[in-house]
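Here's the structure we're looking at; comments come further down.
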Amino acid sequence: MNSATSRFWARAHNDVVEADRRALVVGSGYAGVKHAEALEELGIPFTGPLSARRVMEDPRALDDATVSVVHICAANDLHVALAGRALRAGKDVVCEKPLAVDVRGAEELVAIAHKTGRLAVLAYNYRFHPMVVELATRIAFLGPLHTARGSFLQDWLLLATDANWRVEEARGGASRAIADIGAHWLDLAELVSGKRIVAVAAQLGRLHGRGTEDHAGLLLRFSDGMTGTLMLSQAAAGHRNDMELSLDGATGSATWRHERPNELWLGSRGGDAVVVGRDDELLSAAARALAVLPTGPNEARRNLLAAVYARLSGDASEPAAPLPSFEDGLRHTRFAVAALDSASREKWVSVA
4 MNSATSRFWA RAHNDVVEAD RRALVVGSGY AGVKHAEALE ELGIPFTGPL SARRVMEDPR
64 ALDDATVSVV HICAANDLHV ALAGRALRAG KDVVCEKPLA VDVRGAEELV AIAHKTGRLA
124 VLAYNYRFHP MVVELATRIA FLGPLHTARG SFLQDWLLLA TDANWRVEEA RGGASRAIAD
184 IGAHWLDLAE LVSGKRIVAV AAQLGRLHGR GTEDHAGLLL RFSDGMTGTL MLSQAAAGHR
244 NDMELSLDGA TGSATWRHER PNELWLGSRG GDAVVVGRDD ELLSAAARAL AVLPTGPNEA
304 RRNLLAAVYA RLSGDASEPA APLPSFEDGL RHTRFAVAAL DSASREKWVS VA
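In terms of my numbering, the sequence shown opens at residue 4 and continues consecutively.
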């Protein structure tokens, strides 16, 4: 356990904290398992993963005085009830995305977080990849930005026999590809560029009679007029978790791809393209601090949770990337609603 996370157990919430205080992971599916693995790597004591449905039936685990932080890794339709109950019980919360299945639920959670004053973090873990942090530190190299472009492609719902609760609108929400994987790309594009998306024009596709979108093509307008294009699919054969973000500016371009997470491509007109690696001697201090631990599929989640527990320990230093907030989740829930509206009306729609 590093010094920041170990101090959490001595200083979180009270001057004296019992030695058996711990985190609680609610949700026993893939996300819950991955949160548990990251907590194990960090040396954070925890209980779970517990079945979210069972906790809904008997929520006393959320009131446990030995629990300081609750990780909500349940199906989307349970986020508001579980995260809201945990916040009201005085717990800090890390919630998987999307924050809620609709804007009303997301607004409710933001209001509860504000009222209780607890730390409320959304699991946008990709912003804690070392080379994403490096891209953010080098953004000035690109000059004034004019274009953001990218994609997020998966294939795990390609077949009619591929079943998951996410395809059920009642559990996953009205949007799937946009709310589930698109939100990660939107988060990175806004964070790294420093610009907000203000309007969207969307075209959606659905397979096998499903009610939620399997793929989507999105045109984006950012706050200063910067344009963007995004292709999303959970039915792109051969693509496991293939996210790519490219930013084009007046003097340079940059690309980061999740399938090659330890590389950052930088290009300029008239010059050779440069590929910066995580072991590059010119890596920024912020990225280097994240790159000291071994890489792996759970690296970004581990880095995010390390930043969360460092904050809870009383560490006042700035994390390598800002902690993603419930407000970020609310904004992207509003984006998903706007995109669905755009596709239905076949026109540009402003993002509220």
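Positions of the beta carbon are idealized from the N, C-alpha and C atoms, including for glycine.
query, result
"What residue ranges within the stretch 145-218 form continuous alpha helix (DSSP H) runs of no fewer than 4 residues, ordered along the chain?", "172-175, 186-196"
"At the level of alpha carbons, what is the spacing between residue 42 and residue 210?", "37 angstroms"
"Could you give the first and the last residue of the continuous beta strand (DSSP E) run that contains residue 25?", "25-29"
"Can you check which of these residues, 215, 205, 230, is closest to residue 221 by C-alpha distance?", "205"
"Could you pull out every residue in the same chain whose Cβ sits closer than 6 angstroms to the Cβ of residue 214, ignoring the five residues on either side in sequence?", "172"
"Check the C-beta distance from residue 125 over to residue 98 and give it rounded, since I have them as a contact under 8 angstroms.", "6 angstroms"
"With a 10 Å radius around its C-beta and 16 neighbouring C-beta atoms as the bar for buried, classify residue 324 as buried or exposed.", "buried"
"For the alpha helix (DSSP H) holding residue 133, just list the boundary residues, first then last.", "133-140"
"Report yes if the C-beta distance between residue 112 and residue 92 is below 7 angstroms; otherwise report no.", "no"
"Looking only at C-alpha atoms, which of 164, 193, 287, 53 sits nearest to residue 335?", "193"
"Less than 7 angstroms between the beta carbons of residue 121 and residue 95, yes or no?", "yes"
"Going by beta-carbon coordinates alone, are residue 151 and residue 231 separated by less than 7 angstroms?", "yes"
"Could you round the C-beta distance between residue 226 and residue 339 to whole angstroms and report it? I think they count as a contact, below 8 angstroms.", "Not really, about 18 angstroms apart at Cβ, beyond 8 angstroms."
"Here's the rule I'm using: 16 or more other beta-carbon atoms within 10 Å means buried, otherwise exposed. How should residue 302 be labelled?", "buried"
"With three or more beta-carbon pairs closer than 8 angstroms as the criterion, would you say the stretch 100-108 touches the stretch 267-287?", "no"
"Tell me the DSSP secondary structure of residue 66 in three-state form.", "helix"
"When DSSP labels each residue in this structure, what does residue 115 get in the three-state scheme?", "helix"
"Looking only at its chain, what residues have a beta carbon closer than 7 angstroms to the beta carbon of residue 77, apart from the 5 residues adjacent to it on each side?", "29, 30, 55, 85"
"Contact between the stretch 149-164 and the stretch 237-254 is defined here as three or more beta-carbon pairs at a separation below 8 angstroms; is this criterion met?", "yes"
"Buried or exposed for residue 11, going by 16 or more other Cβ atoms inside 10 Å?", "Caution is warranted here: a pLDDT of 43 is assigned to residue 11, below 50, making its placement in the model unreliable, and no coordinate value can be reported."
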